[in-house]
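Take a look at the structure below.
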Amino acid sequence: MQPLPIPCPAHLVPDATGTHAFHDAYRTAMAHNAVFVAIEAEGQHWTVKADTLTAGSGSRVTDAVNHAIRTAILRLVDAREVDFGAYTGPV
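Following the numbering used here, the numbering of the sequence shown begins with 81 at its first residue and continues without gaps.
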């Protein structure tokens, strides 16, 4: 599995709408030991979730990645593209 380009073209992002498609995408991430990332619509809000369990027990998100994610979220907050209550930490 090759890393996706950044920014990733929309046609390379699988649509995991619905239970069957979601499970297929999740199983594919697990089969390739890749972090599963999902963007979910919740009413008028969007949630981005990353599941590192699919990458295997030895994988972890580095401090550099956490910092980059936090910085991106803070930029979105400053630009008023996301609510100031956006949560930037791991769950």
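We treat Cβ as the ideally placed atom computed from N, Cα and C, and that holds for glycine.
Compare the beta carbon distance of Val115 and Asp95 with 8 Å and say whether it is the shorter of the two. Mapped onto the sequence shown, residue 115 falls at position 35. Mapped onto the sequence shown, residue 95 falls at position 15. No, these two residues do not count as a Cβ contact at 8 Å.
Go ahead and pull the three-state DSSP assignment for Thr97. Locating residue 97 in the sequence shown gives position 17, counting from the first residue. Coil, per DSSP.
Whole-angstrom Cβ separation of Thr142 and Ala109, contact assumed at under 8 Å? On the sequence shown, position 62 is the one that residue 142 refers to. On the sequence shown, position 29 is the one that residue 109 refers to. Not a contact, Cβ separation roughly 18 Å.
Near Gln124, what residues of its chain come up, given a Cβ to Cβ distance below 8 Å and the 5 sequence neighbours on each side ignored? By 1-based counting over the sequence shown, the position of residue 124 is 44. Around Gln124: no qualifying Cβ.
Measure from the alpha carbon of His103 to the alpha carbon of each residue in Val117, Asn146, Leu92, then state which is nearest. In the sequence shown, the residue the question calls residue 103 occupies position 23. Cα-wise, what sits closest to His103 is Val117.
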